[in-house]
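Everything in the sequence shown is counted per the working numbering, starting at 138 for the first residue and increasing by one.
Here a beta-carbon is modelled for each residue, glycine too, at the ideal position from N, C-alpha and C.
Remember, it's a predicted structure, so these values are computed and weren't measured experimentally.
This report refers to the structure that appears directly beneath it.
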Amino acid sequence: MDDPTPSAPASQRAFSLIELITLVAVAAVLLGAGIPGFRQLTASSAMTGAAGELMAHLQLARSEAILRDLPVVVCPSPDGLHCDDTSPWNQGLMIFADRDGDRRRQPQDPLIRHHRPAGRDILISTSRWRRRLLFRPSGSATGSAATFTLCHRDGTAAPRAVIVSNTGRPRIDRTRPDGGPLRCGRG
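Rendered as structure tokens:
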């Protein structure tokens, strides 16, 4: 005997309400578990990029000192006109050839580069007494080793350091020069 209610073709079948609710719940749990990991991944990627960018600027300053046979200064500078020893490094830095050796940019001192970082999530600090970095014409850096500490504003990524040795060579590390842990905060 024929069934009076024909069944729907296989291509027209749908999910039941309970199946849809279950699917949405599983998707929400997976998404909720993945978002913190994604935030950490993007923060870590931003830190790696910022450290690489800072190291590239320091390498440029060192090579320009050798090429020009002049001292080259790297200092914090939001405006690209003057070194601002009270400004944080993450608001901008300036690289210039210091013809008269006073570590201040004068009109005759050629500006090599002014850089303003795009992101606001990365904080860059050095020790309070190390507000300017000078590369000699030999490529070496004056004073003691300089450590730039990069920290993510919300702490989702491990800090990085760009360390400039007395020979002038910059490197990226996850620890201080003495092997101790990096600390975020005021230098």
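Neighbourhood of Asp315 by C-beta distance below 6 Å, restricted to the same chain and skipping five residues each side: Nothing listed; no residue qualifies.
One or two residues paired with Ala278 in a DSSP bridge: According to DSSP, Ala278 bridges with Phe272.
message: What would DSSP say about Thr312, mapped onto helix, strand or coil?
response: The answer is strand: DSSP assigns Thr312 an E or B state.
- request: Provide the residue span of the beta strand (DSSP E) that contains Arg297, from first to last.
  value: Where Arg297 is concerned, the enclosing beta strand (DSSP E) stretches over 297-301.
field: Distance, Leu319 Cα to Ile232 Cα
entry: In a straight line, the C-alpha of Ile232 is about 26 Å away from that of Leu319.
- prompt: Taking the beta strand (DSSP E) that Thr286 falls in, what are its first and last residues?
  reply: Under the DSSP assignment, Thr286 falls in the beta strand (DSSP E) whose first and last residues are 283-289.
message: Using a Cβ-Cβ cutoff of less than 6 Å, which residues in the same chain neighbour Asp221 once the five nearest sequence positions on both sides are dropped?
response: Once the five neighbours on either side are set aside, the close Cβ partners of Asp221 are Pro213, Ser214.
- prompt: Start and end of the beta strand (DSSP E) containing Cys212?
  reply: Looking at the DSSP string, the run of the beta strand (DSSP E) that includes Cys212 is 209-213.
Cβ pair His289, Ala180 closer than 8 Å: With respect to the 8 Å criterion, His289 and Ala180 are classified as neighbours on the basis of their beta carbons.
query: CA-CA distance, Leu271 and Asp246?
result: Spanning the two alpha carbons is a distance of roughly 14 Å.
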